[in-house]
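For the sequence shown, position 282 (counting from the first letter as 1) is numbered 556 according to the working numbering, and the numbering increases by one without interruption. Just so it is clear, CB atoms sit at the ideal spot from N, CA and C, and this is done for glycine as well.
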Amino acid sequence: MSFNSSARLTLDLRNNSFSDISGSTNPPANVTLRLGGNPFCQNLNRQNSDLFCTSKIVEDQLHRSSKNSNETCRSCPTDSFFEYVPDTPDPCFCASPLGIGYRLKSPSFSYFPPYIYSFQAYLTKELSLDKQQLLIDSYVWEGSRLRMYLKIFPLFDSGTHVLNQSKVFQITEKFMSWNFTRDDFFGPYELLNFTLPGHHQTVIFQTVKTGIGAGILAAIVVGSITCILMIVAVAILLFTRHSRYHRNLSRKKFSSKIGLKIDGVKAFSFKEMQSATGNFNRSTQVGQGGYGKVYKGILSDNSVVAIKRAEEGSLQGQKEFLTEIELLSRLHHRNLVSLIGYCDEAGEQMLVYEFMPNGTLRDWLSGFEFSAKSRTTVNLNFRMRLQIALGSAKGILYLHTEANPPIFHRDIKARNILLDAKLTAKVADFGLSRLAPDLDFEGDVPGHISTVVKGTPGYLDPEYFLTRKLTDKSDVYSLGVVLLELLTGMHPISFGKNIVREVKLAHQMGTILSIVDTKLGSFASECLERFVALALSCCHDKPEERPSMLVVVRELENILYMMPDDSGALYSDPSLRSSAGLPSPVSTSSCITRDRFASGSISGSDLISGVVPTIAPR
Numbered sequence: 275m276s277f278n279s280s281a282r283l284t285l286d287l288r289n290n291s292f293s294d295i296s297g298s299t300n301p302p303a304n305v306t307l308r309l310g311g312n313p314f315c316q317n318l319n320r321q322n323s324d325l326f327c328t329s330k331i332v333e334d335q336l337h338r339s340s341k342n343s344n345e346t347c348r349s350c351p352t353d354s355f356f357e358y359v360p361d362t363p364d365p366c367f368c369a370s371p372l373g374i375g376y377r378l379k380s381p382s383f384s385y386f387p388p389y390i391y392s393f394q395a396y397l398t399k400e401l402s403l404d405k406q407q408l409l410i411d412s413y414v415w416e417g418s419r420l421r422m423y424l425k426i427f428p429l430f431d432s433g434t435h436v437l438n439q440s441k442v443f444q445i446t447e448k449f450m451s452w453n454f455t456r457d458d459f460f461g462p463y464e465l466l467n468f469t470l471p472g473h474h475q476t477v478i479f480q481t482v483k484t485g486i487g488a489g490i491l492a493a494i495v496v497g498s499i500t501c502i503l504m505i506v507a508v509a510i511l512l513f514t515r516h517s518r519y520h521r522n523l524s525r526k527k528f529s530s531k532i533g534l535k536i537d538g539v540k541a542f543s544f545k546e547m548q549s550a551t552g553n554f555n556r557s558t559q560v561g562q563g564g565y566g567k568v569y570k571g572i573l574s575d576n577s578v579v580a581i582k583r584a585e586e587g588s589l590q591g592q593k594e595f596l597t598e599i600e601l602l603s604r605l606h607h608r609n610l611v612s613l614i615g616y617c618d619e620a621g622e623q624m625l626v627y628e629f630m631p632n633g634t635l636r637d638w639l640s641g642f643e644f645s646a647k648s649r650t651t652v653n654l655n656f657r658m659r660l661q662i663a664l665g666s667a668k669g670i671l672y673l674h675t676e677a678n679p680p681i682f683h684r685d686i687k688a689r690n691i692l693l694d695a696k697l698t699a700k701v702a703d704f705g706l707s708r709l710a711p712d713l714d715f716e717g718d719v720p721g722h723i724s725t726v727v728k729g730t731p732g733y734l735d736p737e738y739f740l741t742r743k744l745t746d747k748s749d750v751y752s753l754g755v756v757l758l759e760l761l762t763g764m765h766p767i768s769f770g771k772n773i774v775r776e777v778k779l780a781h782q783m784g785t786i787l788s789i790v791d792t793k794l795g796s797f798a799s800e801c802l803e804r805f806v807a808l809a810l811s812c813c814h815d816k817p818e819e820r821p822s823m824l825v826v827v828r829e830l831e832n833i834l835y836m837m838p839d840d841s842g843a844l845y846s847d848p849s850l851r852s853s854a855g856l857p858s859p860v861s862t863s864s865c866i867t868r869d870r871f872a873s874g875s876i877s878g879s880d881l882i883s884g885v886v887p888t889i890a891p892r
């Protein structure tokens, strides 16, 4: 083949399998040899390899640069964003390109030059373009993604230097609809932007504006919302059925478990509970706590009961329910609230107790007290308060020494000490109780239980709060706070003041009488002093310095024994004295003495004195 000196020859042999070139590697100046993408180009040490292995993008840039310097071509008009078009028969052909920001998200290669020609063929086929119309102006790797900038020119022989409106619309719609044929080698792509030079801006914006109408957009939005609502409705329905099934299954298992543990305790139906409370009328509600509401009910045999109804869906309530039934079904003592029955139907959990007509000790100390017998206001004098303290201590002592296994109450407080028609104190609310650990190999009860701290602020044992070690001395501390409430009428924590700290300070300053409850009436000063000393010893910071519950009971017995005879007190504990009328305060400064804080190797069932009966289960 021959050609004159002004002609140019380009041999495009890129992306083949040429591994070597024999003979001269110095072609004439007007001959261009393209070998990019061949194995030959992997060895850049070969002579003149950089002349043959340069990518097409670089060659085109060099070619355009040389053309721009050619005095035979006029400069392209820059005001309309025209530029020279490479690979066209006329090196001076100028046109306005459509710019496209494009990115391959996960191509299967990490080196692009060998595949540029294949990629151009793929895009031009999808866009129905001639190969000379597409130029990959630049590309750069962004991690595993390949970002490039494409330029699309009008066809050389189309007679125009700009793309017509229909072609621009076809190209942009193709890119925006992601309607390219799937190619696993190049992978999915991202459309980054369009560069809209000159008059193409008007074309693009008009076509985009009319590409999707308001009606179609509204239909898409409404359809999406409807679909989401249907999915949510189905999910709620399935979740409700699933929860109901598991709740019923759990309740059936729970019922069968309880049935094995509560012999002698009556199982009431939900209908009976509704009838007893007037369908849980608000007028029958007498209290409310963390577990649930408490109602006064009248059973079919006219017996009056307290019905404790758990809050619906309370997991902790369910645990408390099981704990309290297990404990109360086998605890029988005159100073503990008796469990009469329970209800476990229709997803409800209720406990039925004997009714305490005189409410809680806290109510009486706060001034809401009244006599259930005479319906007249009655103040608790010192003797009454000692009897309530002794009854409470006896109930707790039974839990510590006579229950099998021993029980730590964990929530002794004035609101959990109830008073019956004769003002007999009864310890209640075993929802937080914990069984003492099993005996060790020597037959002794371990000193503590490691547990999550629970209880009521103001009554919590500081040592238990810090170490999470629950012992019988934790209940002693809480009872000590109750004794201080009986002495002062104060709340455990009130207006930033702590009752233990206030009483300790007054006792050290010798001003204890300044904080004694004015409703206490007359009392023997020595008896009061021993009561204060007992209460403060129970509230000692160090558990080992506190007396045992057995010692507390014995000391309260001693104080009551030392009290001057005052003809008795109304509503007194019948195990101490018979009563005939209202208390007659006795003004005296001394009382009969007995051994203080006497203790010995005796159990809770061996408490025998001249006035106090033995503590034993009923």
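Item: So, with DSSP's three-state summary, where would you put L408?; Value: strand
Item: Compare the C-alpha of S293 against each of A550, P313, S811 and name the closest.; Value: P313
Item: Between the C-alpha atoms of P363 and K425, what's the straight-line distance to the nearest angstrom?; Value: 18 Å
Item: Considering only the beta carbon of each residue, do N632 and L673 sit closer than 8 Å?; Value: no
Item: So what does DSSP say about K448, is it helix, strand or coil?; Value: helix
Item: Three or more beta-carbon pairs under 8 Å between the region 752-768 and the region 663-681, yes or no?; Value: yes
Item: Where T785 and L671 are concerned, what is the direct C-alpha to C-alpha distance, given to the nearest angstrom?; Value: 32 Å
Item: Using DSSP's beta-bridge definition, name the partner residues of W638.; Value: The partner list for W638 (beta bridge, DSSP) is empty, contrary to what the question assumes.
Item: By the three-class DSSP mapping on this structure, what secondary structure does D712 have?; Value: Residue placement at D712 is poorly supported in this model, since its pLDDT is 46, which falls under 50; the coordinates still yield a value, given next. Note: D712 maps to coil in three-state DSSP.
Item: Starting from V806, follow the beta strand (DSSP E) in both directions and report where the run begins and ends.; Value: Counting along the chain, V806 falls outside any beta strand (DSSP E), though it belongs to the alpha helix (DSSP H) covering 799-812.
Item: Express the C-alpha separation of F554 and E829 in angstroms, rounding to a whole number.; Value: 44 Å
Item: In angstroms, rounded to a whole number, what distance separates the CA positions of A695 and R608?; Value: 13 Å
Item: Let me confirm a value: D749 is counted as buried when at least 16 other C-beta atoms fall within 10 Å, else exposed. Which label applies?; Value: buried
Item: Are the CB atoms of R820 and K747 nearer to each other than 8 Å?; Value: yes
Item: Of the choices S640, F656, V652, G729, whose alpha-carbon is the least far from that of F682?; Value: G729
Item: Measuring CA to CA, which of I499, T634, F656 is closest to A702?; Value: T634
Item: With distances taken Cα to Cα, identify the nearest neighbour of G770 among Y738, P387, G732.; Value: G732
Item: Please state if the CB of C617 and the CB of S893 are separated by a distance shorter than 8 Å.; Value: No information on residue 893 is available, as it lies outside the stretch 275 to 892 that the chain covers here.
Item: Using only CA atoms, which one of L654, R742, R636 lies nearest to T792?; Value: L654
Item: In chain order, what residues of the same chain have a beta carbon less than 6 Å from the beta carbon of V826, not counting five sequence neighbours either side?; Value: A667
Item: Counting C-beta neighbours from all protein chains within 10 Å, is the total for V332 16 or more, i.e. buried, or is it exposed?; Value: With a pLDDT of only 48 at V332, under 50, the local geometry of the prediction cannot be trusted, and the value read off the model is given with reservation. Exposed.
Item: Are I436 and S370 close, meaning C-beta to C-beta below 8 Å?; Value: One detail in the question is off: residue 436 reads as Val in this sequence, not Ile. Yes, the pair counts as a contact, with Cβ atoms nearer than the cut-off.
Item: Nearest by alpha-carbon distance to L744: which of P817, S799, P679 is it?; Value: P817
Item: Can you tell me which residues form a DSSP beta bridge with Y358?; Value: C368
Item: Anyone know if the C-beta pair for F393 and F460 falls short of 8 Å?; Value: yes
Item: Quick check on DSSP: helix, strand or coil for R515?; Value: helix
Item: Quick one: Cα of S432 to Cα of S291, how far?; Value: 36 Å
Item: Hey, would you say M630 sits closer than 8 Å to A580, going by beta carbons?; Value: yes
Item: D457 and Y396 - do their beta-carbons sit closer together than 8 Å?; Value: yes
Item: Between the alpha carbons of R515 and P381, how many angstroms are there, rounded?; Value: 48 Å
Item: For the region 727-782, list the beta strand (DSSP E) runs that are entirely contained and at least 3 residues long, ordered along the chain.; Value: none
Item: Should E622 and R657 be called a contact, given that it needs their Cβ atoms to be closer than 8 Å?; Value: no
Item: Does the separation of the CB atoms of C801 and M764 fall below 8 Å?; Value: no
Item: Between which two residues does the beta strand (DSSP E) harbouring E546 extend?; Value: Per DSSP, E546 belongs to no beta strand (DSSP E); it is in the alpha helix (DSSP H), 544-551.
Item: Hey, I374 and F468: beta-carbon distance below 8 Å or not?; Value: yes
Item: Taking the alpha-carbon positions, what's the G571 to G669 distance?; Value: 25 Å
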